[in-house]
Amino acid sequence: MRGAAGRGIVPLLIPALIFLVLLFLYPFAYGLFLSFTSAKGQFTFGNYLRFFSDARDFRTILVTLQISVPVTLFNVALAVPFAYYMRRGIKGERIITFFLIVPITLGTVLISEGMLTFMGPAGWFNQLLMALHIVKDPFQFTHNYLGVVISLALQGFPYAFLMLLGYVSGINPDLEKASQMLGANKWQTFWKILFPLMVPGIAIAFSLNFVMAFSVFPSAVLLGQPSGPTRVIAIAAYQWAFEKFNFNAASAISMVMAAIELIVISVVLVWRNRMYKGATMVGKG
Amino acid sequence: MKDFKKISVRNMTKRFGEKIAVNDFSLEFGKGEFVTFLGPSGCGKSTALNCITGLIPITGGEIWIDDECIDDSKNKVSPEKREFGMVFQNYALFPHLSVRENVAFGLKLRHIRHAEIAQRVEAALKLVHLDGYGSKFPSQMSGGEQQRVAIARCIVLEPRLLLLDEPLSNLDAKLRVELRYELKALHERLKVTTIYVTHDQTEALALSDRIVVLRLGRIQQVGTPSEVFSDPSNLFVADFMGFKNMWTAKVESLSAKGERLEATLDAQGLKLVASLAWPEGDSRRAVIEEAHRTGQPMRTAVRPEDISLAPRGSHNSFECAASIVEYQGQASQVSATVTATAGPGLEALRVDLRSGTLISEGEVFSASIPPEKLLLFPATESAAEASRWTP
Chain A
1 MRGAAGRGIV PLLIPALIFL VLLFLYPFAY GLFLSFTSAK GQFTFGNYLR FFSDARDFRT
61 ILVTLQISVP VTLFNVALAV PFAYYMRRGI KGERIITFFL IVPITLGTVL ISEGMLTFMG
121 PAGWFNQLLM ALHIVKDPFQ FTHNYLGVVI SLALQGFPYA FLMLLGYVSG INPDLEKASQ
181 MLGANKWQTF WKILFPLMVP GIAIAFSLNF VMAFSVFPSA VLLGQPSGPT RVIAIAAYQW
241 AFEKFNFNAA SAISMVMAAI ELIVISVVLV WRNRMYKGAT MVGKG
Chain B
286 MKDFKKISVR NMTKRFGEKI AVNDFSLEFG KGEFVTFLGP SGCGKSTALN CITGLIPITG
346 GEIWIDDECI DDSKNKVSPE KREFGMVFQN YALFPHLSVR ENVAFGLKLR HIRHAEIAQR
406 VEAALKLVHL DGYGSKFPSQ MSGGEQQRVA IARCIVLEPR LLLLDEPLSN LDAKLRVELR
466 YELKALHERL KVTTIYVTHD QTEALALSDR IVVLRLGRIQ QVGTPSEVFS DPSNLFVADF
526 MGFKNMWTAK VESLSAKGER LEATLDAQGL KLVASLAWPE GDSRRAVIEE AHRTGQPMRT
586 AVRPEDISLA PRGSHNSFEC AASIVEYQGQ ASQVSATVTA TAGPGLEALR VDLRSGTLIS
646 EGEVFSASIP PEKLLLFPAT ESAAEASRWT P
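Quick mapping for you: the protein sequence lines, in order, are chains A and B.
Using the numbering used here, read the first sequence as starting at 1 and increasing by one per residue.
Using the numbering used here, read the second sequence as starting at 286 and increasing by one per residue.
Have a look at this one:
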């Protein structure tokens, strides 16, 4: 892109660049700077050393991974068959899609509030289960690990599903026909053709879902036990920042969060590249 | 490969709701035959092809291979078990697999030994002149190369029937001719039973043993390329095969001349003689006799290239004035107005002809139609057919 056309494009990028610098690069750089300084402004590794040596804080990495990895796997694993069956459109697709999008639009807090009453010990859901004699006593769905996982699934699944649906319906339908004509049944066609072609979409859906789940905060506070079993890494950062007013320590925790997310995404992308070595243009033969 | 003698399609029908895409389609083809479904877009040729593969379920009729029924519109052998091969217009190569893996795909599903797979894949690639391309990916190849891979992917499995759905229409003109020639050579060599779908009459004529002309889901004519080319069964086929000059003409007199029937015609005042190769007992004789008796007009059809420039006053000739001349290299496509028909109350006839000599626009010249090149069709046929089958 050289010459007149190339020069014409640069000014058009400026608003986006300003946006990126102000909202992402500057806060990130400032956070990174804070995490390596003490309260007095001197360079130090102390914030990191403190985090990794404090058992209660260090444990939050494990706690968060225990919540976010299973829920992300669940969301993506469920989204794949859903997207597959709806790839050519089905009856009532708009209604199904509508109900899937609603949780996204409602926001985390409203969903958590709703779940507290709906799935609480005296809520409708438990009453239904007891009426159907599935459980004797109210089952504990909230204020524990399960509550956080359910709320993350409710919010994360629609994202994963919609992303994969877009991806699968973009695959040339003749590929399936070709596979069938070559002797493959539906199952073989799925695993040998569609799934490998879905891998890039699955990788992206997994990464975004994981990042959302790993940085969970409101659900973990409202629906979990923020003092113990669901004390996720974001809670630790929040407490350092707004209870102990130590922004340097909180920044270090944020940097650890970012690093873990980057590691997981890298692993996913390596998997993606091993699975999918063909053209990046899906479906266009 | 299971051997067979013939495939019969009987009364195959496909409805999409109210719309009939394939209507009462019956056809038999023998082993090794190259059959082409030819027709304009929307004529049902691709649907018919997909119905035969089983990819589209049929709503009526049956498909048999010898005495094995593979589809009776209720129960069917699923497409993957029919041992048919299909080549798609957009190639449909698996983009995540290399050329070698694409071609080996069907063989691997059949649990064939590795060594044999490798050997058969190489042989198939060699057959389509792609030896050495095995480790490339589809995205690294040109359209023509991709279509060769798609063909190799099918023939490596030695299918009972090879189906090609407009395989050349995504290629540029030069490649299209090259690959068409190779398809012909491949068929000569392998003698695999083939159904080929196209809207291009040149492709159909060049490749086929038999051509099936389709329109609005109905078979219009089945015949060898030369039959369809020179003796179309109705006005639609004639039009599709390149006949022009479809004038309304009254039959003034009829006389038998041996095996031929000679008719004198009046088209808007233009007097013409047609010598029709309709032997005694041909049903078309009855039609023209009826038209002669009732005075019902018929429609003429003459290929532009069959009309020649002739000296004034020669047989079946008339004067015309050139209005549009398109130079096309070897000949010029000339549209002209027949001056004899431009009298009061008469609409001027337009004549389309091809001329090897240069004619300039506005020039008046004399053209002649050889009587045996002038065909006649019932005038109402086309309109009636159209109103019956268009929704």
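Just so it is clear, CB atoms sit at the ideal spot from N, CA and C, and this is done for glycine as well.
What residue does the beta strand (DSSP E) around residue i start on, and which one ends it?
| i | result |
| --- | --- |
| B/Asn-308 | 304-315 |
| B/Met-297 | 291-301 |
| B/Glu-347 | 345-350 |
| B/Asp-450 | 446-450 |
| B/Cys-605 | 602-612 |
| B/Asp-551 | 545-552 |
| B/Glu-353 | 353-356 |
| B/Glu-590 | Segment: none, B/Glu-590 is in no beta strand (DSSP E) and carries neither H nor E. |
Any beta carbon of chain B sitting closer than 9 Å to that of residue i?
| i | result |
| --- | --- |
| A/Tyr-276 | yes |
| A/Asn-273 | no |
| A/Ala-203 | no |
| A/Leu-175 | yes |
| A/Gly-183 | yes |
| A/Leu-197 | yes |
| A/Asn-248 | no |
| A/Ala-79 | no |
| A/Ile-193 | yes |
| A/Val-270 | no |
| A/Asn-209 | no |
| A/Lys-284 | The predicted model places A/Lys-284 with a pLDDT of 40, which falls under 50 and marks its position as unreliable; any figure quoted below should be read in that light. Answer yes: the Cβ-Cβ gap between A/Lys-284 and chain B drops below 9 Å somewhere. |
| A/Ala-178 | yes |
If the criterion is Cβ atoms closer than 9 Å, does the pair residue i and residue j meet it?
| i | j | result |
| --- | --- | --- |
| A/Ser-215 | A/Gly-31 | no |
| B/Lys-361 | B/Pro-342 | yes |
| B/Val-384 | B/Lys-421 | yes |
| B/Glu-604 | B/Ala-586 | no |
| B/Asn-375 | B/Arg-438 | no |
| B/Ala-664 | B/Thr-533 | yes |
Would you say residue i faces chain A, with C-beta separation under 9 Å as the test?
| i | result |
| --- | --- |
| B/Thr-479 | no |
| B/Asn-375 | yes |
| B/Ser-653 | no |
| B/Lys-658 | no |
| B/Gly-647 | no |
| B/Leu-759 | Summary: the structure shown does not reach residue 759 of chain B, with chain B confined to residues 286 through 676, and so no result is reported for it. |
| B/Thr-332 | no |
| B/Leu-683 | Nothing about residue 683 of chain B can be read from this structure; chain B reaches only from 286 to 676. |
| B/Phe-301 | no |
| B/Phe-322 | no |
| B/Ser-420 | no |
| B/Pro-380 | yes |
| B/Ser-672 | The pLDDT assigned to B/Ser-672 is 43, lower than 50, so where the model puts this residue is not dependable; a value taken from the coordinates is nonetheless given after this. It does not; no Cβ of chain A falls within 9 Å. |
| B/Val-294 | no |
| B/Thr-338 | yes |
| B/Thr-675 | With a pLDDT of 37 at B/Thr-675, under the threshold of 50, the predicted position of this residue should be treated as unreliable, and no value is reported. |
Have a look at the options and flag the residue whose alpha-carbon is nearest the alpha-carbon of residue i.
| i | options | result |
| --- | --- | --- |
| B/Ser-331 | B/Phe-289, B/Leu-394, B/Asp-450 and B/Arg-635 | B/Asp-450 |
| A/Phe-24 | A/Arg-272, A/Ala-258 and A/Val-69 | A/Ala-258 |
| A/Tyr-85 | A/Gly-166, A/Thr-37 and A/Ile-67 | A/Gly-166 |
| B/Ser-593 | B/Gly-566, B/Ser-653, B/Phe-603 and B/Val-536 | B/Ser-653 |
| B/Thr-549 | B/Phe-650, B/Ile-305 and B/Leu-661 | B/Leu-661 |
| A/Thr-64 | A/Thr-230, A/Ser-35 and A/Ile-171 | A/Thr-230 |
| B/Phe-528 | B/Phe-514, B/Ala-534 and B/Val-536 | B/Phe-514 |
| B/Leu-334 | B/Met-531, B/Leu-634, B/Gly-315 and B/Val-294 | B/Val-294 |
| A/Thr-108 | A/Arg-87, A/Ala-131, A/Asn-126 and A/Ser-151 | A/Ser-151 |
| B/Leu-501 | B/Ile-292, B/Asp-288 and B/Ile-305 | B/Ile-305 |
| B/Arg-597 | B/Val-307, B/Val-649, B/Arg-433 and B/Asp-309 | B/Val-649 |
Which first and last residues belong to the alpha helix (DSSP H) in which residue i is found?
| i | result |
| --- | --- |
| A/Ser-169 | 145-169 |
| B/Leu-561 | Not the alpha helix (DSSP H): B/Leu-561 falls in the beta strand (DSSP E), residues 555-561. |
| B/Arg-465 | 458-475 |
| A/Asp-57 | 55-85 |
Would you call the segment 398-411 of chain B and the segment 203-218 of chain A in contact, with 3 or more CB pairs under 8 Å? no
Is the number of C-beta pairs between the segment 119-130 of chain A and the segment 192-207 of chain A that are closer than 8 Å three or more? no
Using 8 Å as the threshold, is the segment 323-330 of chain B in touch with the segment 483-497 of chain B, meaning 3 or more CB pairs across them? yes
Three or more C-beta pairs below 8 Å linking the segment 423-430 of chain B and the segment 347-356 of chain B: no
Of the residues that make up the segment 389-410 of chain B, which ones have a beta carbon closer than 8 Å to any beta carbon in chain E? No chain E is part of this structure, whose protein chains are labelled A and B.
Examine the Cβ distances between the segment 611-630 of chain B and the segment 566-586 of chain B and report whether three or more of them are shorter than 8 Å. no
Given 8 Å as the limit, is there contact between the segment 125-136 of chain A and the segment 40-53 of chain A, that is, 3 or more CB pairs closer than that? no
Between the segment 179-188 of chain A and the segment 97-105 of chain A, do three or more beta carbon pairs fall short of 8 Å? no
So, do the segment 438-449 of chain B and the segment 501-511 of chain B have three or more beta carbon pairs nearer to each other than 8 Å? no
Taking 8 Å as the threshold, find out whether the segment 141-157 of chain A comes into contact with the segment 56-75 of chain A through three or more Cβ pairs. yes
Take every Cβ of the segment 288-307 of chain B, pair it with every Cβ of the segment 447-462 of chain B, and state whether three or more of those distances are shorter than 8 Å. no
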